[in-house]
Amino acid sequence: MFRQDKSDAWAVRLLPRIVFGLAAAYTLVAIAAQSGSSFVTVCTLLVLGAVVWLLRRRGQLLLAVGSTVLTAASAGYFSAVGESAHGTASAVLTGQAVFGYWALTGMALLGAWMVKEHPGRRGVTVLLADVILVIASVVGMFAPQAGVPLGFLGVLGVLALRGGTAKSLVARLRRVGRAGRSGTKAPQGADS
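Printed below as a string of structure tokens:
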């Protein structure tokens with residue numbers, strides 16, 4: 030009845046995971062119980078850890094999500110610093126700029142994955158757009174009215190160049206130019 034299995038691989042693998050899992054859970058609960066900010070920090074780290082674990086085999090998506098989170102945080106910081114440096118630390122103005130940058134980071138993330146056949150790496154596209162957004166938020170520190178529009182134009186440019194839109198537009202313009210030089214007329218509709 031109490032036979033000992035000499036090579037109990039299941040227990041050898043499972044027991045350390047249970048022990049370390051309980052120790053980690055107790056540590057996180059103890060840290061989270063100290064204050065409200067500790068609780069928020071622990072919850073944020075758990076959510077980020079779960080996202081990283083779920084996306085561990087999707088490198089481009091993980092790069093894009095990580096880049097988006099960092100860009101949203103840094104753009105919010107630069108926007109708040111810029112507003113306080115100008116002496117107009119109004120929560121409304123800072124909130125509008127931060128919301129604009131966050132909307133643009135979301136636009137970059139969604140824009141890279143909306144193209145069905147993306148010619149390049151989608152995560153790199155989001156990373157480039159996010160770098161331009163950080164630069165635009167730094168510009169917004171000195172010229173608050175120019176930051177978000179500059180970021181919008183930068184994100185549109187990156188999505189167009191990396192997504193193949195600019196390439197297809199140039200190819201279409203070349204075809205129209207060749208048709209115009211050869212003297213052929215554009216086909217007219219059946220109703221004319």
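Number 193 in this note's numbering belongs to position 164 of the sequence shown; there are no gaps in the numbering.
Cβ coordinates follow ideal geometry from the N, Cα and C atoms, glycine included.
| When the Cα of K255 is compared with those of G186, R191 and L84, which residue comes out closest? | The chain is shown only over 30 to 221; residue 255 falls outside these bounds and no answer can be derived.
| request: Please confirm whether L92 and G50 have their CB atoms less than 7 Å apart. | output: no
| field | Alpha carbon of V98 to alpha carbon of G209, nearest angstrom | value | The alpha-carbon atoms of V98 and G209 are separated by roughly 48 Å.
| request: Under 7 Å Cβ to Cβ from I60, same chain only, skipping five residues before and after it: list those, please. | output: S67 and V71
| message | Using 8 Å for Cβ pairs, my map puts G176 next to G169. What's the rounded Cβ distance? | response | 2 Å
| request: Take the Cβ of F107 as the centre, count every other Cβ of all protein chains shown within 10 Å, and call the residue buried at 16 or more, exposed below. | output: buried
| request: Would you mind sorting I47 into buried or exposed? The rule is 16 or more other CB atoms within 10 Å of its CB. | output: Exposed: under 16 other Cβ atoms inside 10 Å.
| query | With a CB to CB cut of under 8 Å and the five nearest residues on each side skipped, what residues in its chain are close to F171? | reply | G111.
| Cβ-based burial, L157 [other Cβ within 10 Å; buried from 16] | buried
| task | Entirely within the region 42 to 111 and at least 4 residues each: give me those alpha helix (DSSP H) ranges in chain order. | result | 65 to 83
| Comparing alpha-carbon positions, which option in A126, V69, W39 and L43 lies nearest L179? | A126
| query | Can you tell which of L75, T100 and G183 has its C-alpha closest to the C-alpha of T134? | reply | Of L75, T100 and G183, the residue nearest in Cα terms is T100.
| Can you tell me whether S113 is buried or exposed, with buried defined as 16 or more other CB within 10 angstroms of its CB? | exposed
| task | Leaving out five residues on either side along the sequence, give the residues of the same chain with a beta carbon under 7 Å from the beta carbon of R204. | result | Take R204, set aside five residues on each side of it, and no residue of its chain has a beta-carbon closer than 7 Å to its own.
| query | Since L138 and V155 are thought to touch, with beta carbons under 8 Å apart, how far apart are those beta carbons, to the nearest angstrom? | reply | Correct: roughly 6 Å between the Cβ atoms.
| message | For G129, which residues in the same chain have their Cβ closer than 6 Å to its Cβ, ignoring the five residues on either side in sequence? | response | V177
| said: When you compare the CB positions of D159 and S103, do they come within less than 7 Å of one another, or not? | reply: no
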